[in-house]
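In our numbering, the protein residues as written are 10 to 157.
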């Protein structure tokens with residue numbers, strides 16, 4: 010599966026706009042029997058949405074330790090979802106992590122970029138957390154249960 014994470018640019022007058030798809034703006038996700046997380050952040054100086062980190066083989070509970078306590082992040086992940094009827098699927102999801110205590114300027118930049126990023130990357134399972142401790146396997150299954 011190939012996921013395109015668009016290169017977005019923030020312009021003070023025009024807001025968020027698509028800068029383009031570059032070689033580094035897409036990531037290949039191979040479906041495994043474990044989780045794959047992609048952390049995305051906004052480079053404030055360059056005014057770009059950029060890749061922060063790729064993590065493989067960690068659960069949502071372990072991801073909590075990787076997230077900054079007081080900085081927002083966008084998370085794109087592939088999750089092994091076991092359906093009640095035995096089928097397995099790997100939904101691609103988007104989480105906007107905006108912890109309590111973030112600087113208002115950061116919150117505004119991320120909140121203003123979220124919808125454009127989701128639309129451009131064509132992500133349909135979109136969630137938000139305000140407390141990183143809420144990111145658990147149970148929380149994730151509950152959120153995904155709505156779609157199945």
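No residue lacks a Cβ here, since even glycine has one placed at the ideal position from N, Cα and C.
Query raised in the report: Roughly how many angstroms lie between the CA atoms of residue 116 and residue 133, to the nearest whole one?
Result: Cα atoms of residue 116 and residue 133: separation of roughly 22 Å, rounded to the nearest angstrom.
Query raised in the report: Per DSSP, residue 102 is paired with what?
Result: Under DSSP, residue 102 shares a beta bridge with 86 and 134.
**Report entry** For residue 78, the three-state DSSP class (helix, strand or coil)
**Finding:** coil
Query raised in the report: How is residue 127 classed by DSSP in three states: helix, strand or coil?
Result: Here DSSP, grouped into helix, strand and coil, assigns residue 127 to helix.
**Report entry** Opposing strand residues paired with residue 46 [DSSP bridges]
**Finding:** DSSP lists 64 and 86 as the bridge partner or partners of residue 46.
Query raised in the report: What is the C-beta distance between residue 91 and residue 97, in whole angstroms, given that I count them as a contact (C-beta under 8 Å)?
Result: Confirmed, Cβ separation roughly 6 Å.
Query raised in the report: Should residue 49 go down as buried or exposed, given a rule of 16 or more other Cβ atoms within 10 Å for buried?
Result: Looking at its Cβ environment, which holds 16 or more other Cβ atoms inside 10 Å, residue 49 is buried.
Report task. Give the range of the alpha helix (DSSP H) segment to which residue 152 is assigned. Result -> 146-154
Query raised in the report: If we count Cβ pairs, one from each stretch, closer than 8 Å, do we get three or more for the region 97-110 versus the region 52-67?
Result: no
Requested in this report: Look up residue 52 in the DSSP assignment and say whether it is helix, strand or coil.
Outcome: strand
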